[in-house]
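Student: In the working numbering, the protein residues as written are 132 to 726. I have a structure here, written as structure tokens, and I will follow up with some questions on it.
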Amino acid sequence: MKENPAASLMEHFSLRSHLFGLFLLITQSQCPASAGDVTKPNFVLMMADDLGIGDVGCYGNDTIRTPNIDRLALDGVKLTQHIAAAPLCTPSRAAFLTGRYALRSGLGSTGRVQVIMFVGGSGGLPPNETTFAKLLQKQGYTTGLIGKWHLGVSCRSRNDHCHHPNNHGFDYFYGLPFTYFNDCKPGEGKDVLADLQKTLWQMSMLVGLGLLTLVLVRVTGLLEVSVKLLVFLTAVCLLGFTVWYVPFEFLQTWNCIIMRNEQVVEQPMEPDALPEKLIQEAEQFVERNQNRPFLLFLSLAHVHTPHFISREFFGKSKHGLYGDNVEEMDSMIGRMVKTIDRLNLADRTLMYFTSDHGGHLEDSNERGQRGGWNGIYRGGKAMGGWEGGIRVPGIFRWSGRLPAGRVVDEPTSLMDVYPTVVKLAGGQLPQDRVLDGHDLMPLLEGKTERSEHEFMLHYCGIYLNAARWHPPGSDSIFKVHFFTPNFSPPGAGGCYHTKVCLCHGDFVTHHDPPLMFDLSRDPSESIPLTAVTEPRHAEVLWRVRQAVEEHQKTLSPVEKQLSWANILWKPWLQPCCGTFPFCSCTETNITAHTQ
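Next comes the structure, spelled out in structure tokens:
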């Protein structure tokens, strides 16, 4: 029987087709990113620390040079009413990462302690919270956080890392699990509960004098004092002294550390080397992941005090060390933009710049003002709902997608980044919890001119401090303050006696009726409106109260992460390079591990 040539040819082509299909299947399974992934945008989110909105050129500063941030605004979209969800680091960052007011996560303060105080504490961002990084991981993104965290590390044991960035959706972490603060630099003073430390020291001295008096009484024979009693009292005194002295006196070792993922790589850190380390890590992260979708959160240590001293920028600005630090920060933003542009990623990378809250007005020393400038806006860091502490820069750039030079004057929030990023990545927003942010893309692209935030609420700790209402069909933005912090000394523009304003008890004044301003006419909140001067006065109060009642129905009880029990130092939770308590290492002695 003769072979059919046509049938043989068909079998040959069929075999080749199957083999080719098998080859494609194998090669595609080995590729780091699918064709669909290539179309997904990258995200570079850059956040300064304690930067005042008035410190940036494109927001009105004409003496500090910020050409890179200004260029970012010219090439993208600038938001003029971009609002932090809290006027302090820990709650603001929690809200940014989760798209929810911080008290929903238990990170609202009830009293004195308003932020995470110790790396070795047990409070932090709860493991059941869902960050945008965690949702992007599910969409195939490589996620990284370079810089400051300040949302806790561990819960029950040194290695559980329940609050750590790696447990909150970041594949790679390099930076400060705590923050950069005065104790990190010898000679810059103390930041953590400084007045409490002073009180404890004085009490220890009094107890020590009392014990010494008893010893002298026994030695001179004035009274019979048991040796056992003296030994017992001495032991109690030493124990009491050690319990408070060790956590506070060695804060540089405990809190000023650098981690790479879950490993401590420098303890204590070398402060002035930190900026270059962070920007190099950020550049390398982008270069490693340029061929697959990535999310980078560059959380800068600038411009929190103490100030960095850099050879390149020292003495170059007109505003002393603070100005030098702002200009150095601007150069770091410029390097990040150049990296994206050099790798031809600009047309598929959304870049964002902001600050976690406003500048710290009370931060000064004998050399003068060390904190930022909040422009025309009243108040600053830790001052509740006053505009200067919560209105921050907000700049988005996405070449080819967002219109260059667009300015948006509508109210927006740092919490809006959450739904914006998740939706662009193709993810689904959580349905099991309340989100307080809104997708910004329609506003950024000019498809709508109206913000979805008709109401915004402003918390001071767990206490509702103020609210704003943007009435439909109106340009007005009414803001009411239910209470305001008591500035000290009287007549000052901040809480200079306590260094930061507090939100409770005698530290605040409640207003009935609430103070009211129209930010569209009075952005400095200088002239309160009354029923005589504002025809809508009664309506505004009524609508705001309605909105507050609706909002409060969405709140659920949660564990208070900033309770004394959670924030105090626990030696068994302290991250340590070496054998605790002998924690010491420099990064040059550690082998780098990258992802």
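Glycine included, every Cβ here is placed at the ideal spot set by N, Cα and C.
(1) Quick one: residues in its chain with C-beta nearer than 6 Å to the C-beta of residue 645, no 5 flanking neighbours on either side, listed in chain order?
(2) Along the chain, where does the beta strand (DSSP E) containing residue 702 start, and where does it finish?
(3) For the 8 Å Cβ check, are there 3 or more pairs between the region 447 to 465 and the region 331 to 338?
(4) If you draw a straight line from the C-alpha of residue 324 to the C-alpha of residue 492, how long is it?
(5) If you draw a straight line from the alpha carbon of residue 265 to that of residue 488, how long is it in whole angstroms?
(6) Start and end of the alpha helix (DSSP H) containing residue 774?
(7) Between the Cα of residue 543 and the Cα atoms of 503, 274, 584, 530, which residue gives the shortest distance?
(8) Tell me, please, whether the region 682 to 696 touches the region 612 to 626 by the rule of three or more beta-carbon pairs shorter than 8 Å.
(9) In its own chain, which residues sit with a C-beta less than 6 Å from the C-beta of residue 435, not counting the 5 before and 5 after it?
(10) Assign residue 446 to one of three DSSP states: helix, strand, or coil.
(11) What's the call for residue 706, buried or exposed, on a 16-neighbour Cβ count within 10 Å?
(12) Thinking just about the alpha-carbon of each residue, which of 316, 545, 470, 716 is nearest to the one in residue 421?
(13) What would DSSP say about residue 397, mapped onto helix, strand or coil?
(14) I'd like the span of the alpha helix (DSSP H) that includes residue 378, first residue to last.
(15) Reducing DSSP to helix, strand and coil, say where residue 695 ends up.
(16) Output yes or no for whether 8 Å exceeds the beta carbon distance between residue 388 and residue 377.
(17) If we call anything under 8 Å between Cβ atoms a contact, is residue 490 one with residue 503?
(18) Around the Cβ of residue 172, are there at least 16 other Cβ atoms within 10 angstroms (buried) or fewer (exposed)?
(19) Can you find at least 3 beta carbon pairs, one from the region 216 to 231 and one from the region 562 to 573, that sit closer than 8 Å?
(20) By Cβ distance below 7 Å, which residues in the same chain neighbour residue 540 in space, the five residues on each side in sequence not counted?
(21) Which residue's Cα is closest to the Cα of residue 473: 605, 414, 591?
(22) Since residue 616 sits in a beta bridge, which residues does DSSP pair it with?
(23) Do you know how far the Cα of residue 634 is from the Cα of residue 443?
(24) Output the residue ranges of the alpha helix (DSSP H) runs that lie fully inside the region 569 to 593 and measure 4 residues or longer, sorted by chain position.
(25) Decide yes or no for the touch test of the region 396 to 409 against the region 425 to 440: beta carbon pairs closer than 8 Å, at least 3 of them.
(26) Determine the direct distance from the alpha carbon of residue 485 to that of residue 727, and round the result to whole angstroms.
(27) Does DSSP put residue 462 in a helix, in a strand, or in coil?
(28) Hey, could you find the ends of the alpha helix (DSSP H) residue 508 is sitting in?
(29) On a CA-only basis, which of 675, 714, 170 is nearest residue 423? Give me that one, please.
(30) Counting Cβ pairs closer than 8 Å, one from the region 216 to 226 and one from the region 236 to 255, do we hit at least three?
(31) For residue 506, which option in 188, 696, 334, 452 has the closest C-alpha, if you only look at C-alpha atoms?
(32) Since residue 343 is in the alpha helix (DSSP H), which residue starts that stretch and which ends it?
(33) Do you know how far the Cα of residue 479 is from the Cα of residue 546?
(34) Please go through the same chain and pick out, in chain order, the residues whose beta-carbon is closer than 8 Å to the beta-carbon of residue 319, but skip the five residues on each side of it.
(35) Measuring CB to CB, does residue 282 end up less than 8 Å from residue 292?
(36) Hey, which unbroken runs of the beta strand (DSSP E) at 3 residues or more fall wholly within the region 474 to 537?
Tutor: From the atom records:
(1) In the sequence shown, counting from the first residue as 1, residue 645 sits at position 514. Within the same chain, residue 645 has close Cβ partners 611, 612, 613.
(2) Counted from its first residue, the sequence shown places residue 702 at position 571. Residue 702 -> no beta strand (DSSP E), and no H or E assigned at all.
(3) no
(4) Walking along the sequence shown from the start, residue 324 turns up at place 193. Walking along the sequence shown from the start, residue 492 turns up at place 361. Their Cα atoms are separated by approximately 18 Å.
(5) For this step, residue 265 is matched to residue 134 along the sequence shown. For this step, residue 488 is matched to residue 357 along the sequence shown. Cα to Cα, the separation comes out at about 24 Å.
(6) Residue 774 lies beyond the residue range present for the chain, which begins at 132 and ends at 726; the question has no answer from this structure.
(7) Taking the first residue of the sequence shown as 1, we reach residue 543 at position 412. Residue 584 is the option with its Cα nearest to residue 543.
(8) no
(9) For this step, residue 435 is matched to residue 304 along the sequence shown. These residues qualify, in order along the chain: 180, 181, 311.
(10) Here residue 446 refers to the residue found at position 315 when the sequence shown is read from its first residue. Note: residue 446 maps to coil in three-state DSSP.
(11) For the purposes of this step, residue 706 is identified with residue 575 of the sequence shown, where counting begins at 1. Label assigned to residue 706: buried.
(12) Reading the sequence shown from its first residue, position 290 is the one you call residue 421. Closest option to residue 421, Cα to Cα, is 470.
(13) Within the sequence shown, residue 397 is the residue found at index 266, counting from 1. It is a strand residue.
(14) Within the sequence shown, the letter at position 247 stands for residue 378. Taken as a continuous stretch (DSSP letters only), the alpha helix (DSSP H) holding residue 378 covers 358 to 380.
(15) Position 564 of the sequence shown, counted from the first residue, corresponds to residue 695. In the structure shown, residue 695 sits in a helix (DSSP, three-state: H, G or I).
(16) The count along the sequence shown starts at 1 and reaches residue 388 at position 257. The count along the sequence shown starts at 1 and reaches residue 377 at position 246. It is not a contact, given that the beta carbons lie outside the stated cut-off.
(17) If you number the sequence shown from 1, residue 490 lands on position 359. If you number the sequence shown from 1, residue 503 lands on position 372. Yes, the pair counts as a contact, with Cβ atoms nearer than the cut-off.
(18) The residue given as residue 172 occupies position 41 in the sequence shown. Buried: at least 16 other Cβ atoms inside 10 Å.
(19) yes
(20) Residue numbering aside, residue 540 sits at position 409 when the sequence shown is read from its first letter. Result list for residue 540: 211, 212, in chain order.
(21) In the sequence shown, residue 473 corresponds to position 342, counting from 1. Closest by alpha carbon: 414.
(22) Here residue 616 refers to the residue found at position 485 when the sequence shown is read from its first residue. Note: residue 616 sits in a beta bridge opposite 639.
(23) As a working note, residue 443 is residue 312 in the sequence shown. As a working note, residue 634 is residue 503 in the sequence shown. Residue 443 and residue 634: Cα-Cα distance of roughly 40 Å.
(24) 572 to 576
(25) yes
(26) This structure cannot settle anything about residue 727, because the visible part of the chain is limited to 132 through 726.
(27) Here residue 462 refers to the residue found at position 331 of the sequence shown. Here residue 462 sits in helix by DSSP.
(28) If you number the sequence shown from 1, residue 508 lands on position 377. Premise fails: residue 508 is in no alpha helix (DSSP H) and is neither H nor E.
(29) Translated into the one-based positions of the sequence shown, residue 423 becomes position 292. Ranking the options by Cα distance to residue 423, first place goes to 170.
(30) yes
(31) Taking the first residue of the sequence shown as 1, we reach residue 506 at position 375. Looking at the Cα atoms, 188 is the closest of the given residues.
(32) Against the sequence shown, residue 343 aligns to sequence position 212. Segment 325 to 351, the alpha helix (DSSP H) holding residue 343.
(33) Locating residue 546 in the sequence shown gives position 415, counting from the first residue. Locating residue 479 in the sequence shown gives position 348, counting from the first residue. Answer to the nearest angstrom: the Cα atoms are 22 Å apart.
(34) Against the sequence shown, residue 319 aligns to sequence position 188. Cβ within range, chain order: 313, 436, 437.
(35) Position 151 of the sequence shown, counting from 1, holds the residue named residue 282. Position 161 of the sequence shown, counting from 1, holds the residue named residue 292. No.
(36) 480 to 486, 522 to 528
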